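S.K.: For the sequence shown, our numbering begins at 102 and goes up steadily by one.
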Amino acid sequence: MYLAAGVMFVGGAVIVAVGLRARDDRLPLRGHAGIRTRATTHSEDTWYPAQRAAAPWMVAAGVFLVAAAVAVVLLRPADEDGLVVAAVGALGAGVSALVAALAASRTAHRILEEGTAPTPGGRDPGVGPGAPG
102 MYLAAGVMFV GGAVIVAVGL RARDDRLPLR GHAGIRTRAT THSEDTWYPA
152 QRAAAPWMVA AGVFLVAAAV AVVLLRPADE DGLVVAAVGA LGAGVSALVA
202 ALAASRTAHR ILEEGTAPTP GGRDPGVGPG APG
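1. Going by CA-CA distance only, name the one from Ser144, Arg139, Ala172 that's closest to Ala105.
2. Leaving out five residues on either side along the sequence, give the residues of the same chain with a beta carbon under 7 Å from the beta carbon of Ala168.
3. Can we say the region 181-200 touches the region 124-135, given the rule of at least three CB pairs closer than 8 Å?
4. For a quick check, are the C-beta atoms of Ala187 and Met109 less than 8 Å apart?
5. Please report the Cβ distance between Ile212 and Pro150, rounded to the nearest whole angstrom; I am assuming they are in contact, meaning their Cβ atoms lie under 8 Å.
6. Please confirm whether Gly113 and Leu175 have their CB atoms less than 8 Å apart.
7. To test your reading of the DSSP string, which unbroken alpha helix (DSSP H) runs of 4 or more residues are found completely within the region 138-180?
Structure representation (structure tokens):
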């Protein structure tokens, strides 16, 4: 159970880091992290707001995993309580991740429906987050 707690802890820490980068517009559109759907990856004008909408829920998912991992170790992992805590942490993380995906998707779809997002490739590369300069 210590191995599982270690995996949960590291995974949770990575998810928190991704959530914080999403909040600060530091997840690149062409990178590997973030909520990736057809709508969120349409353009930078949908990508960054969608990731910001998902960020608090991504951080919550990571915190659930980290907290569960610490609790499992403190509760003696051989006990049944450790397994219950791990399951509750995983469930909390899963629900938070689902809400993050829904928040990102809704935000991106709203932007597309408003017609404020340009067609892919139509954005001026000298404007916005990550722009040179």
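Beta carbons are placed, not taken as given, at the ideal position from N, Cα and C, and that holds for glycine. None of these values were measured; they are calculated from a predicted model.
M.R.: Quick answer:
1. Among Ser144, Arg139, Ala172, the Cα nearest to that of Ala105 belongs to Ala172.
2. The beta carbon of Ala168 is closer than 7 Å to those of Gly190 in its chain, skipping five residues each way along the sequence.
3. Under the Cβ criterion (8 Å, minimum of three pairs), the region 181-200 does not count as touching the region 124-135.
4. Yes, the pair counts as a contact, with Cβ atoms nearer than the cut-off.
5. Between Pro150 and Ile212 the Cβ distance is about 6 Å, and since that is below 8 Å, they are a contact.
6. no
7. Within the region 138-180, the runs of alpha helix (DSSP H) at least 4 residues long that lie entirely inside it are, in chain order, 145-175.
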